[in-house]
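For the sequence shown, numbering that gives the first Met the number 0 assigns the number 0 to the initial residue and increments by one for each residue that follows. Don't be surprised by glycine CBs; every beta carbon is placed ideally from N, CA and C. The structure appears below as structure tokens.
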Amino acid sequence: MSRSQSVNARRAARRRPARRKGFALMFVVMLSFVAAIALAVMVERQMAQTMSVQRQVALYETRHLERGLAEAVETWVRSLGNAPVIDNLGENGLAFEISPQGEAGILVYFEDAQGTALDDLTALQGLRYDFASRILDELAARAKDQTVTWTRRLGPVAISANSAREEVLDAVVATCCNPGNGKTIPGEIIRARATEPLTPVTLDQVIINSGVTPEEQNALRKALTASPILWTCRVEPTDNSLRLPGQRLRYSGVVLSSGGDRDGLAGFQRRVSVLEMKREQY
0 MSRSQSVNAR RAARRRPARR KGFALMFVVM LSFVAAIALA VMVERQMAQT MSVQRQVALY
60 ETRHLERGLA EAVETWVRSL GNAPVIDNLG ENGLAFEISP QGEAGILVYF EDAQGTALDD
120 LTALQGLRYD FASRILDELA ARAKDQTVTW TRRLGPVAIS ANSAREEVLD AVVATCCNPG
180 NGKTIPGEII RARATEPLTP VTLDQVIINS GVTPEEQNAL RKALTASPIL WTCRVEPTDN
240 SLRLPGQRLR YSGVVLSSGG DRDGLAGFQR RVSVLEMKRE QY
């Protein structure tokens, strides 16, 4: 072997380990890259599982609180016995307050929710169905193209004279009376309830003084009530425990109470149930 060949051979031998080292380095980098991806996937999956658990816990806590509030409302209404709810409300409709010693409490307010017409007539038959559908027809004629909220999907057919709008009262009169009769009744009801809520006695007096026939009086007594049994309840904290940045939280529900009207149009046995209870922002 010549001298030049020997030199070339030694140079080639020195280059071969460099190629092996370069290959090994690329292999290590690839392994590190794969390991980093696997770690990122594991972390992301763990975070997703953690968030899922947190959502489930929050949902459980919300449902548990909603059930607890519903039970408190039902217990309070049952404690009234046969007394109408309307007779046991304080200022601004305050029903009751729960204030555990040393802890934040809640205030529960009730509001008459029976001042609109029932529009879900699937459970009604015979005269009650005819009567309720005629009220809806009268309201539709008055609403025309307006977007109004004169109807509800829950509760009895009878409409609360204490919270009904003039248009709703007018539709009731048109349903119960012959054309031209009882036109003064909506205005008299609104004037009578301006100072204090109507009672069954004061409502009956308004009907009698209107001059309508006895048959029309009986129809109005069935169509209108001064002792509603359908209420919305509002639960608010006494402190800021339900406050979030820029938001306030409270719970609201729909309550069907006992101790109200039990006439044929109402169609409900005496009972109390919270039909809805949900959290809302305001």
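According to DSSP, residues forming a beta bridge with K277:
S251
When DSSP builds the beta bridges, which residues end up paired with V234?
V107 and Y250
Taking E217 as the reference, which of A225, S226, D203 and I228 has the closest Cα?
In the sequence on display, residue 217 carries Asn and not Glu. Ranking A225, S226, D203 and I228 by Cα distance to N217 puts D203 first.
Less than 8 Å between the CB atoms is what I'm expecting for Q113 and P227, so what's the real figure, rounded?
About 4 Å separates the CB atoms of Q113 and P227; that is less than 8 Å, so the two are in contact.
Nearer than 8 Å: is that true of the beta carbon of Q113 relative to any heavy atom of the ligand HEM?
You won't find the ligand HEM in this model; it holds no ligand whatsoever.
Buried or exposed: which applies to L274, given that a residue is buried once 16 or more other Cβ atoms fall within 10 Å of its Cβ?
exposed
With DSSP as the reference, label D260 as helix, strand or coil.
The predicted position of D260 is uncertain, since its pLDDT is 44 and thus under 50; no value can be drawn from it.
Are the Cβ atoms of L286 and V234 separated by less than 9 Å?
Within the shown structure, residues of the chain are numbered from 0 to 281, placing residue 286 beyond reach of any answer.
Within 8 Å, do at least three Cβ pairs link the region 83-100 to the region 204-214?
no
Would L93 be called buried (16 or more neighbouring beta carbons within 10 Å of its own) or exposed?
With a threshold of 16 other beta carbon atoms within 10 Å, L93 falls short and is exposed.
With 16 as the cutoff for other CB atoms within 10 Å, does A191 come out buried or exposed?
buried
Those residues which DSSP pairs with A78 across a bridge
With the sequence shown as reference, residue 78 is identified as Ser, and Ala is not the correct amino acid for it. Bridge partners of S78: none, in fact.
Measure the Cβ-Cβ separation of T224 and I158 and say whether it is below 9 Å.
yes
Leaving aside the five residues before and after L264 along the sequence, list all residues of the same chain whose C-beta is less than 8 Å from its C-beta, in chain order.
With a pLDDT of 41 at L264, under the threshold of 50, the modelled position of that residue is not reliable, and no figure is offered here.
Proximity winner among S162, D169, Q124 and L68, relative to A193 (alpha-carbon distances)
S162
Can you name, in chain order, every residue of its own chain whose Cβ lies under 7 Å from the Cβ of I189, other than the five neighbours on each side?
E165
Residue span of the beta strand (DSSP E) that contains A94, given as start and end:
L93 to I97
A170 vs W149 beta-carbon contact at 9 Å
With respect to W149, A170 sits close: the two C-beta atoms are nearer than 9 Å.
Just to confirm, are E303 and C176 a CB contact at a threshold of 9 Å?
Within the shown structure, residues of the chain are numbered from 0 to 281, placing residue 303 beyond reach of any answer.
Under a three-way DSSP split, which group does R151 fall into?
If DSSP states are grouped into helix, strand and coil, R151 belongs with the strands.
Classify I134 as helix, strand or coil using the three-state DSSP reduction.
helix
Could you give the distance in angstroms between the alpha-carbon of M276 and the alpha-carbon of E110?
M276 and E110: Cα-Cα distance of roughly 14 Å.
Return helix, strand or coil for T174, following the three-state DSSP convention.
Helix at T174.
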